[in-house]
Every structure is written in C-alpha cells, then in structure tokens.
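Everything on this sheet refers to the single structure shown next.
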Amino acid sequence: MLSTDLRANVLVVRVEEKRIDASKAPSFKDEMARCIDAGQNQIVLDLSQVDFIDSSGLGALVSCLKRLGPRGSLAVAGATGAVSRLFTLTRMDRVFALHPNVDSAVEQLSA
Amino acid sequence: MKIRHILLILTAFLGAALLVAVALQIRDELLEYQTAERMVASNTVRERLLLGTEALASERSQTYVLLIGQRNESNGIMELRDVRRQVDDQLNAAERAITVTQASLRNTSSSLTTLSRIRQEIGTLRQQADGSLGLNGGVGGQEFAPRWFQEATRLVEELQSSRMTILQRERPLDPVLRTESNLRAYGAILSESIARNQALMSRALGRPSVVGGLEIDAVSRNAGRAGLAWELIDGQMAVPLSESVKEAISTTHEYYSSTFAPLQRSLLAALLGKVPPALGPEEWYDLTGRALSNIALMQRELLRSSRERIEAELTRARRSLVLWSVLLLLGAAAVLASILVVRRRVVRPLESLSQAMLRLADNDLDIDLPRRPRADEIGEMNDALRVFKANAIQRQRTQNEKQVLHARLREAYGQLQKDLEAAAVIQRTMLPPSSRVDGVAFHGLFRPSSLIAGDTYNVVRRNDGAVGFFQVDVAGHGAAAALVSVACHHALSQAILTRTQGTPLEEIAVQINEEWPEDLPYFTMILGEIDSRSQRASIIQAGHPSPLVIRADGAVEMIGEGGFPVGMLPAASYERLEFDLGPGDRLFIYSDGLVEAEDQAGEQFSEDRLRALVREAAAEPSSVLLDRLDDVLRNWRGSETLDDDLSVLMLERLAERIPANAVH
Chain A
666 MLSTDLRANV LVVRVEEKRI DASKAPSFKD EMARCIDAGQ NQIVLDLSQV DFIDSSGLGA
726 LVSCLKRLGP RGSLAVAGAT GAVSRLFTLT RMDRVFALHP NVDSAVEQLS A
Chain B
5 MKIRHILLIL TAFLGAALLV AVALQIRDEL LEYQTAERMV ASNTVRERLL LGTEALASER
65 SQTYVLLIGQ RNESNGIMEL RDVRRQVDDQ LNAAERAITV TQASLRNTSS SLTTLSRIRQ
125 EIGTLRQQAD GSLGLNGGVG GQEFAPRWFQ EATRLVEELQ SSRMTILQRE RPLDPVLRTE
185 SNLRAYGAIL SESIARNQAL MSRALGRPSV VGGLEIDAVS RNAGRAGLAW ELIDGQMAVP
245 LSESVKEAIS TTHEYYSSTF APLQRSLLAA LLGKVPPALG PEEWYDLTGR ALSNIALMQR
305 ELLRSSRERI EAELTRARRS LVLWSVLLLL GAAAVLASIL VVRRRVVRPL ESLSQAMLRL
365 ADNDLDIDLP RRPRADEIGE MNDALRVFKA NAIQRQRTQN EKQVLHARLR EAYGQLQKDL
425 EAAAVIQRTM LPPSSRVDGV AFHGLFRPSS LIAGDTYNVV RRNDGAVGFF QVDVAGHGAA
485 AALVSVACHH ALSQAILTRT QGTPLEEIAV QINEEWPEDL PYFTMILGEI DSRSQRASII
545 QAGHPSPLVI RADGAVEMIG EGGFPVGMLP AASYERLEFD LGPGDRLFIY SDGLVEAEDQ
605 AGEQFSEDRL RALVREAAAE PSSVLLDRLD DVLRNWRGSE TLDDDLSVLM LERLAERIPA
665 NAVH
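Structure, rendered in structure tokens:
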C-alpha cells in the first residue's frame with residue numbers, strides 16, 4: 666500500500682490507497698514502522714492519493730510520529746479535503762509539518 | 005460386456021482357433037499316415053504275390069520239361085522240390101502278410117479265400133503231375149503235360165489278377181510309385197511271356213520235325229507279348245526313376261534285345277522253315293532261365309525301390325504326425341497358460357481394482373488395497389488408488405476436524421454474542437434516558453455499528469446547579485473501544501461531579517489526557533457545562549466534530565474549530581470555548597460516525613447535509629428532529645448497518661425554568 670522513493674536523503678512515502686481506515690491502519694502502521702526502523706529519519710508522507718482517514722488511521726499516523734521520536738521528522742504533503750479538515754479538527758496541523766506538495770516538503774526537510 | 009470377459013473370450017477364441025487349425029492338420033497327417041501304412045501293407049502282400057507268381061511260373065516250366073521227359077528226372081525232381089518250396093514259402097508269406105495287415109487293408113478276406121483256393125488247386129495239380137511222372141503211378145507224362153501247362157498258367161494268371169486287385173484297391177498317388185508298380189506289372193507280363201516260351205519252345209526244340217502250327221503260333225504270340233511288354237516299359241521311362249532302377253531295366257533290356265530276342269526269332273524262323281534249329285532244348289531252357297533271372301533281378305530292384313519309397317513316406321508321415329501332435333500339446337499348454345496368466349495378472353487385479361474403486365466412490369475407506377509392487381499399468385492404477393484412498397482419508401479427517409472446530413467456533417461465537425448482548429444492555433443502561441435536569445432537557449441518539457460501541461455520552465447535574473455533559477468517541481469501534489468508552493464514561497462523570505468549583509473545565513481534559521495510558525486507544529470528546537444561572541455554556545472540544553447550536557429562532561451555528569484528541573499526545577493543551585445558550589437554544593453534539601456515514605456509492609453524509617437537515621427541522625422538537633435524522637440516515641445508508649458508531653446528544657435550555665429577572 667506504500668511506495669517509497671529516496672530524494673535528497675529524504676524518504677518520500679506515498680500512500681497508494683484512497684482510505685486509511687480501521688481495515689488498512691494496521692498494515693500502514695507496520696510498513697511505516699519498517700521504514701522508520703530501517704533508519705530513515707527524514708520522512709515525507711505523501712497523502713495526495715488519500716481521500717479519507719478515520720480515527721484508526723489518525724492513530725496510526727501519530728504512532729509513526731511517536732516511533733520516529735525526536736531524532737527525526739515526519740512531514741505530511743498533499744493533504745486536502747476531508748484529510749486536511751481532520752488535521753485541523755484534531756490539531757494535528759500543529760503536530761505534523763503540512764506541505765501542499767512533496768517537493769516543498771522535501772526541500773524543507775533536506776534544508 | 006466387461007473387459008475381463010472380452011479378454012478371456014478373446015484369449016479362449018484365439019486359442020481354440022489355433023487348436024482347431026492344428027487338430028485339422030493332425031487329422032490330415034493321420035490320414036496320410038494311415039494311407040502310407042496301407043501302402044506298406046499292400047506293397048508287402050503284392051511283393052510276396054509277385055515273387056510267388058514268379059516261382060509258380062518257374063515250377064510250371066520245370067514240371068513241364070520233366071513231364072515231357074527232357075530232363076534228367078533225379079536232378080529235375082530235386083530242383084522241383086526247391087522251386088515248390090519257394091512257391092509255398094512265398095504264398096505262405098503272402099497269406100501271413102494279408103492276415104497281419106487285415107486291420108489296414110480292405111477286402112482281405114476275399115483275397116485270403118482266393119489265395120487258399122489257388123494253393124489247394126496247386127496242391128491237386130502237383131499230385132496229378134507227380135502221378136504222371138511215375139512217382140505215384142497214373143497217366144503218362146506226355147499226356148498230362150499240356151493240361152499241366154494250361155492249369156498252371158491259369159493259376160499263374162489268377163495270382164497275377166489277385167495281385168492286380170489288391171493294387172487297384174490301393175493305387176499309389178506318388179507318380180514314381182505308380183510308374184514303378186506299372187513297370188512291375190509290365191515286367192510280370194514280360195516274365196510270364198518268356199516263362200511260357202521257356203516251356204513251349206523247349207518242347208518244340210525237342211522234336212522240331214513234329215511241331216504243329218498251333219504250337220508255333222503260341223510261341224510267337226508269347227514273343228510278341230514280350231516285345232509289347234518292352235514297349236510299355238519303355239513308355240514309362242520319362243518319369244524320373246532312381247538310377248539303380250534305370251540301370252536294372254537297361255541291363256535287362258540290353259540282354260533281351262541283343263541276345264535273347266534275336267535268338268528266339270532265329271529259332272522260330274528255323275521251326276517255321278523246318279530247318280534244324282541251332283540250339284537244343286536244354287540250352288534254350290538255361291538261356292531262358294538267365295533271361296528270367298535278369299527280369300527277376302529287375303523286378304526285385306523295382307520292389308526294393310518302391311519299398312524304400314513307401315517306407316520313407318511312412319517314416320515322414322509318422323514324424324510329421326508326432327511333430328504336429330507335439331505342436332498340439334504345446335499349443336494347448338500355451339492357450340491354457342495364457343488364459344491363466346490373463347486371469348491372474350489382468351482379470352483378477354482389474355476385478356479387485358474396480359471393486360475397490362466403486363467402494364472408494366461410495367466413501368467406503370475400509371477397503372484393502374493389495375501391497376504387491378507391480379511395475380505395469382495395473383501397478384500404477386493400484387498406486388494411484390492408494391493415493392486416492394490416502395487423500396480421501398485425509399480429507400475425511402480434515403472434514404471431521406473442521407466440523408469439530410466449526411461446532412466449537414459456533415459455541416464460542418454464541419457465547420461471545422451472548423456476552424456482547426449483555427454488555428450492550430449494560431452500555432445502554434449507562435446512557436441517560438431523555439430527560440430534563442434543572443432547566444435543561446436532553447435527548448440522545450445512539451446507534452452502535454456492532455452490538456456495543458466506542459461512543460458514549462452522559463448528562464450530569466452538579467450540586468452547584470450546573471449541568472455537566474460529555475460525548476465521547478473512542479478511536480476504532482467494537483469491544484475494545486466499548487471498554488475504553490466505559491472507562492471514559494466513568495472517569496468523565498466522576499470528574500464532572502467531583503470537580504471543585506472554580507476549577508476550569510479544561511483542567512479535566514488536561515488531567516485525563518496526562519494520565520491516559522499510552523497503550524489505550526485515544527478518544528475525541530466534547531466536554532461541556534451549562535450554567536443554570538447565567539445563559540452561558542462552555543465546552544472543551546477534543547478532536548471531536550464541532551457541535552451545532554440551533555438558536556430558538558431557527559438559526560444554526562457551528563462552534564469550535566477543533567482541539568487535540570485525548571490520550572494521543574501527553575503534552576496537549578485544551579481551550580475552553582464559551583458561548584451564549586439562551587432559552588430555547590439547543591446544542592447539537594455528534595460523533596463523526598454521523599457525517600462520515602457513507603451511502604452505497606461511498607459518498608459521505610457530510611456536515612453540509614447535516615446542517616441543511618438541522619436547519620430544515622429547526623422548528624421541530626428535539627425528539628422529532630432526532631427521529632427524522634435517524635430516518636434520513638437509514639435511507640442514506642440504504643441499510644440498517646453502520647460502519648462506525650454513531651451518537652448524537654441534544655441539550656436544550658428550557659425557557660420556562662429561566663427566572664424572569666434573568667431575562668434582559
């Protein structure tokens with residue numbers, strides 16, 4: 666469900682699903698955990714394909730952030746519509762660095 | 005018809021065809037053997053008769069010359085005894101041969117009768133001859149001689165004819181044998197002609213002056229017959245005869261034509277011309293005797309050749325018969341063996357395999373399959389059947405295990421369902437029924453996605469007159485979320501009740517958030533308070549959808565912009581949002597399951613539709629509004645089920661309970 670691409674030492678993880686809900690959240694969490702455990706500190710999560718994230722999906726996102734800890738940063742790119750609103754509603758826009766697109770996120774992280 | 009029948013019938017049919025073919029051949033061989041046997045018998049009898057006839061002719065001549073007194077009696081009688089014994093010996097031998105071969109030859113009794121009659125007549129004739137010779141007294145030799153000659157000649161002819169009768173009955177098919185028997189017949193004519201002339205000419209030469217025309221006629225007729233016999237013999241020479249036979253014939257012929265025939269012609273000419281002949285009777289007699297013995301040699305050579313041929317044929321027929329009989333036995337054994345092999349190696353195994361297959365098809369797994377290892381197709385079929393059987397047993401075992409497992413699962417599921425149903429009842433009893441508390445009326449809508457929900461709400465009246473309330477939505481749904489929701493329900497209810505006056509509302513959220521165990525799912529909530537004395541209300545929005553305020557005049561507002569969920573980040577901070585809530589104003593709090601409910605096409609119900617609906621039904625009492633919302637949602641979903649828990653809590657500040665002086 667994820668595709669990865671290393672750009673300027675930043676791992677761009679693209680979610681190839683329209684939804685991250687209770688059925689997808691566990692595998693999303695596992696795959697992200699593998700990326701993080703592999704030693705990636707700078708990660709951009711590309712959510713441009715995602716239309717909807719439910720409470721389980723949000724929990725999975727936050728658990729990734731916790732796993733990454735203070736040593737790295739997880740930026741979110743391409744969040745729009747319901748996803749963007751969810752970030753605002755739950756104040757996650759203050760926790761994750763949100764970017765309109767992957768390029769600006771990568772630029773920011775690699776700086 | 006089954007394969008085993010076809011196999012057995014085919015094998016038996018082929019075997020029977022083979023045996024019949026061989027049996028027919030054996031029958032032919034047997035017939036040939038019998039024919040050869042008959043030929044041997046017939047040949048033996050004829051050989052004896054031929055030699056007997058020759059001897060009788062010789063006896064005739066000797067007796068004749070004695071009777072006419074041309075021979076020294078004492079010597080002549082000695083020789084006569086010898087020749088008589090030869091005649092008797094040969095005829096005895098012929099009689100014995102006929103008796104011995106009675107089984108294989110036809111009409112032997114008539115031949116025996118003829119032969120014994122001839123012997124009797126010879127005996128009678130001999131007695132008369134002896135009498136005439138003065139041995140027993142009686143008529144004189146000269147008178148008896150012609151009669152002797154006549155009678156003896158008749159007997160010789162009878163012997164010849166009885167020999168020819170036997171030959172006629174068993175004519176050989178082999179051309180060489182036929183030719184040889186023809187040659188013997190002509191040889192016999194030749195021999196008889198010469199033998200007659202031996203006697204007749206002797207008499208004529210003894211007294212040439214008184215020889216009558218009739219006597220000369222008889223002699224020349226015999227000479228002519230001998231010439232004719234030679235012509236007949238020459239006519240047979242085209243056939244491939246054996247070299248020894250050809251040689252015997254040509255030697256005899258040579259002697260006859262170079263010596264005997266010219267002499268006989270000159271003697272005849274002398275007799276006719278009344279000229280004294282060049283030869284005396286005794287010399288003639290001896291000369292003729294030599295010619296006769298030449299012919300006898302030729303005849304013996306012919307007899308020997310025929311006998312060898314016939315015996316060779318008999319041996320061949322016997323060998324052939326034995327060979328075919330052995331073939332028949334071998335064939336029968338092969339047929340029997342192939343039937344046994346087909347039965348043992350094909351038919352029986354096929355039968356037991358087909359039985360086993362039928363029983364296996366009937367799910368009978370107790371069948372025994374033979375363990376004999378075989379490398380042929382039947383062995384392969386047997387191996388495959390073993391695999392089928394093993395698979396079937398495995399399948400049955402798996403099936404049984406599955407059934408047991410299924411039963412257990414059903415039981416466990418039933419138990420779980422019962423537990424969940426009980427839990428659902430308890431969860432519902434935790435929710436406050438629609439009611440009013442200190443001027444605040446409230447109504448709830450609660451629809452779990454399964455039996456129990458991660459949503460919960462409560463309205464609590466504080467001692468100081470304030471009305472506290474909350475709605476919680478635990479992340480996820482199902483039993484885990486439900487348990488967490490119960491914990492939240494308790495914690496929040498207690499927190500509202502025990503909060504000391506003056507402590508800000510957000511402190512509750514901060515405290516719970518800080519103390520929330522990290523491994524429990526987080527939750528979103530609206531925690532609020534309505535002051536019964538003022539017209540104010542305040543809420544903490546923790547990641548929960550922004551509530552709506554339905555004003556008494558029907559206006560609909562959305563309040564709050566969001567906030568951190570509880571239990572997600574320990575360091576989160578919360579803000580209190582204060583707003584007016586006048587008489588008749590209503591607060592509409594809902595969990596995200598409401599706006600995220602999807603229709604069949606996957607479209608969410610959305611905040612916009614919710615607001616439109618609420619605006620439209622703003623004039624309706626809360627219970628009616630909730631019922632309508634419930635109906636609309638069911639229609640939206642197109643089914644009774646939900647993907648996420650859904651709950652709504654509506655609170656209304658009642659107008660009449662508001663003190664009149666408080667209204668400005």
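First to last, the sequence lines map onto chains A and B. All residue numbers for the first sequence refer to the numbering used here, where the first residue is 666 and numbers rise by one. All residue numbers for the second sequence refer to the numbering used here, where the first residue is 5 and numbers rise by one. Glycine included, each C-beta is placed from N, C-alpha and C at the ideal position.
**Asked** From the DSSP output, which residues share a beta bridge with Ala698 of chain A?
**Response** Here residue 698 of chain A refers to the residue found at position 33 of the first sequence. Looking at the DSSP assignment, Ala698 of chain A forms no beta bridge with any residue, so it has no partner.
**Request:** Go ahead and pull the three-state DSSP assignment for Ile685 of chain A.
**Result:** Along the first sequence, read from residue 1 onward, the residue named residue 685 of chain A stands at position 20. Of the three classes helix, strand and coil, the one that applies to Ile685 of chain A here is strand, per DSSP.
**Message:** Between Val715 of chain A and chain B, is the shortest Cβ-Cβ distance under 7 Å, so that the two count as touching?
**Reply:** Here residue 715 of chain A refers to the residue found at position 50 when the first sequence is read from its first residue. With 7 Å as the cut-off, Val715 of chain A does not count as an interface residue toward chain B.
**Message:** Taking the straight line between their C-alpha atoms, what separation do you get for Ser165 of chain B and Trp152 of chain B?
**Reply:** In the second sequence, the residue the question calls residue 165 of chain B occupies position 161. In the second sequence, the residue the question calls residue 152 of chain B occupies position 148. If I take the Cα positions, the gap works out to 20 Å.
**Request:** Count the other C-beta atoms from every protein chain shown that fall within 10 angstroms of the C-beta of Ile13 of chain B, then say buried if there are 16 or more, exposed otherwise.
**Result:** Within the second sequence, numbered from 1, the residue matching residue 13 of chain B stands at position 9. The residue in question, Ile13 of chain B, is exposed, as its Cβ has fewer than 16 Cβ neighbours within 10 Å.
**Request:** Note the first and the last residue of the continuous alpha helix (DSSP H) segment covering Thr319 of chain B.
**Result:** Numbered from its first residue, the second sequence carries residue 319 of chain B at position 315. Thr319 of chain B -> alpha helix (DSSP H) spans Pro285 to Val345.
**Request:** Closer than 7 Å by C-beta to Ala149 of chain B: which residues in its own chain qualify, once you throw out the five before and the five after it? Chain order, please.
**Result:** Position 145 of the second sequence, counted from the start, is the residue given in the question as residue 149 of chain B. Closer than 7 Å at Cβ, skipping near neighbours: Tyr68, Leu71 and Ile72.
**Message:** Please list, in chain order, the chain A residues whose beta carbon lies closer than 9 Å to that of Phe568 of chain B.
**Reply:** Counting from one through the second sequence, the residue named residue 568 of chain B turns up at place 564. Those are Thr755, Arg756, Met757, Arg759 and Val760, listed as they occur along chain A.
**Message:** Can you pull the chain A neighbours of Ala483 of chain B, defined as C-beta to C-beta under 8 Å?
**Reply:** Position 479 of the second sequence holds residue 483 of chain B. Those do not exist, as Ala483 of chain B stays about 13 Å from chain A at its closest Cβ, beyond 8 Å.
**Message:** For the pair the region 515-526 of chain B and the region 622-639 of chain B, tell me if three or more CB-CB distances fall below 8 Å.
**Reply:** no
**Prompt:** CB-CB under 8 Å to Val87 of chain B, same chain, minus the five flanking residues each way: which ones, in chain order?
**Reply:** The residue you call residue 87 of chain B lines up with position 83 of the second sequence. Answer for Val87 of chain B: Ala59, Ser62, Glu63 and Gln66, listed in chain order.
**Message:** With the cut-off set at 7 Å, would you say Leu209 of chain B and Pro281 of chain B are in Cβ contact?
**Reply:** Working through the second sequence from its first residue, we reach residue 209 of chain B at position 205. Working through the second sequence from its first residue, we reach residue 281 of chain B at position 277. In contact: Leu209 of chain B and Pro281 of chain B (Cβ atoms closer than 7 Å).
**Message:** Just to confirm my understanding: we take Arg580 of chain B, look at its own chain, exclude 5 residues before and 5 after, and list those with CB closer than 7 Å. What are they?
**Reply:** Along the second sequence, read from residue 1 onward, the residue named residue 580 of chain B stands at position 576. So the list reads Pro508, Leu509, Glu510, Ser542 and Ile544, once near-sequence residues are dropped.
**Asked** Which runs of the alpha helix (DSSP H) spanning at least 4 residues fall entirely within the region 542-603 of chain B, listed in chain order?
**Response** 596-599
**Message:** Alpha carbons only, please: which of B:Leu614, B:Ala556, B:Arg130 and B:Arg207 is nearest the one belonging to Arg85 of chain B?
**Reply:** The sequence position of residue 85 of chain B within the second sequence is 81, counting from 1. The residue with the shortest Cα to Cα distance from Arg85 of chain B is B:Arg130.
**Asked** Skipping 5 residues on each side, what residues in its chain have a beta carbon closer than 6 Å to that of Ala666 of chain B?
**Response** Translated into positions along the second sequence, residue 666 of chain B becomes position 662. Residue placement at Ala666 of chain B cannot be trusted, given a pLDDT of 44 that sits under 50; what the coordinates show is reported in the next sentence. Cβ within range, chain order: n/a, list empty.
**Item:** Enclosing alpha helix (DSSP H) for Gly383 of chain B [first to last residue]
**Value:** For the purposes of this step, residue 383 of chain B is taken as the residue at position 379 of the second sequence. Unbroken alpha helix (DSSP H) run through Gly383 of chain B: Glu381 to Met434.
**Prompt:** Hey, is Val652 of chain B's beta-carbon within less than 7 Å of any beta-carbon in chain A?
**Reply:** Counted from its first residue, the second sequence places residue 652 of chain B at position 648. No, because no Cβ of chain A sits closer than 7 Å to the Cβ of Val652 of chain B.
**Asked** Buried or exposed: which applies to Gly141 of chain B, given that a residue is buried once 16 or more other Cβ atoms fall within 10 Å of its Cβ?
**Response** Looking up residue 141 of chain B in the second sequence gives position 137. In this prediction, Gly141 of chain B has a pLDDT of 48, which is less than 50 and means its spatial position is unreliable; nothing more can be read from the coordinates.
**Asked** Where do the ends of the beta strand (DSSP E) carrying Leu531 of chain B lie?
**Response** As a position in the second sequence, residue 531 of chain B is number 527, starting the count at 1. Residues Phe527 to Ile534.
**Request:** At 8 Å on the CB atoms, spell out the chain B contacts of Asp687 of chain A, in chain order.
**Result:** Here the question's residue 687 of chain A lines up with position 22 in the first sequence. Checking the displayed sequence, the identity of residue 687 of chain A turns out to be Ala instead of Asp. Simply Gly480 and His481.
**Item:** Any C-beta of chain A under 7 Å from that of Met529 of chain B
**Value:** By 1-based counting over the second sequence, the position of residue 529 of chain B is 525. So no, Met529 of chain B is outside the interface.
**Message:** For Met572 of chain B, would you say it is in contact with chain A, using Cβ-to-Cβ distances shorter than 7 Å as the test?
**Reply:** Numbered from 1 along the second sequence, position 568 holds the residue referred to as residue 572 of chain B. Yes, because at least one Cβ of chain A sits closer than 7 Å to the Cβ of Met572 of chain B.
**C-beta atoms of Ser721 of chain A and Ala479 of chain B nearer than 7 Å** = Position 56 of the first sequence holds residue 721 of chain A. Position 475 of the second sequence holds residue 479 of chain B. Taking 7 Å as the Cβ cut-off, Ser721 of chain A and Ala479 of chain B qualify as a contacting pair.
**Message:** Beta-carbon within less than 6 Å of Ser438 of chain B's beta-carbon, same chain only, minus the 5 sequence neighbours each way: which residues are those?
**Reply:** In the second sequence, counting from the first residue as 1, residue 438 of chain B sits at position 434. Answer for Ser438 of chain B: His447, listed in chain order.
**Asked** At a CB-CB cut-off below 9 Å, which residues of chain A make contact with Gly383 of chain B?
**Response** The residue labelled residue 383 of chain B in the question sits at position 379 within the second sequence. Ordered by position in chain A, no residue passes the 9 Å Cβ test against Gly383 of chain B, which lies about 52 Å from the chain.
**Request:** Answer yes or no: do Ile701 of chain A and Arg672 of chain A have a C-beta to C-beta separation smaller than 7 Å?
**Result:** As a working mapping, residue 701 of chain A is identified with position 36 in the first sequence. As a working mapping, residue 672 of chain A is identified with position 7 in the first sequence. Contact: no.
**Prompt:** For a contact meaning CB atoms closer than 9 Å, what does Tyr526 of chain B contact in chain A?
**Reply:** Locating residue 526 of chain B in the second sequence gives position 522, where the first residue counts as 1. Ser720, Leu723, Gly724 and Val727, listed in chain order.
**Asked** Could you give the residue range of the alpha helix (DSSP H) that holds His494 of chain B?
**Response** Taking the first residue of the second sequence as 1, we reach residue 494 of chain B at position 490. From DSSP, the alpha helix (DSSP H) with His494 of chain B extends over Ala483 to Thr502.
**Prompt:** In whole angstroms, what is the alpha-carbon distance linking Ser643 of chain B and Glu600 of chain B?
**Reply:** Counting from 1 along the second sequence, the entry for residue 643 of chain B is found at position 639. Counting from 1 along the second sequence, the entry for residue 600 of chain B is found at position 596. Going from the Cα of Ser643 of chain B to the Cα of Glu600 of chain B covers about 15 Å.
**Asked** In chain A, what lies closer than 9 Å to Asp459 of chain B by C-beta?
**Response** The residue labelled residue 459 of chain B in the question sits at position 455 within the second sequence. Correct list: empty, because the minimum Cβ distance to chain A is about 11 Å.
**Message:** Assuming Gly1 of chain B is part of the alpha helix (DSSP H), what are its boundary residues?
**Reply:** As displayed, chain B neither begins before 5 nor continues past 668, which places residue 1 of chain B out of reach and without an answer.
**Message:** Cutting at 6 Å between CB atoms, please list the residues of its own chain near Ala556 of chain B, excluding the five before and the five after it.
**Reply:** What you label residue 556 of chain B is simply residue 552 of the second sequence in a count that begins at 1. Answer for Ala556 of chain B: Gly588 and Asp589, listed in chain order.
**Asked** Quick one: what does DSSP say Val471 of chain B is sitting in, helix, strand or coil?
**Response** Taking the first residue of the second sequence as position 1, residue 471 of chain B is located at position 467. It is a strand residue.
**Message:** I'd like the span of the beta strand (DSSP E) that includes Asp827 of chain A, first residue to last.
**Reply:** This structure does not reach residue 827 of chain A, given that chain A is present from 666 up to 776, and the question cannot be answered.
**Item:** Among A:Met757, A:Gln773 and A:Pro765, the one whose alpha carbon lies nearest that of Ser713 of chain A
**Value:** Here residue 713 of chain A is taken as the residue at index 48 of the first sequence, counted from 1. Ser713 of chain A has its Cα closest to that of A:Pro765, out of A:Met757, A:Gln773 and A:Pro765.
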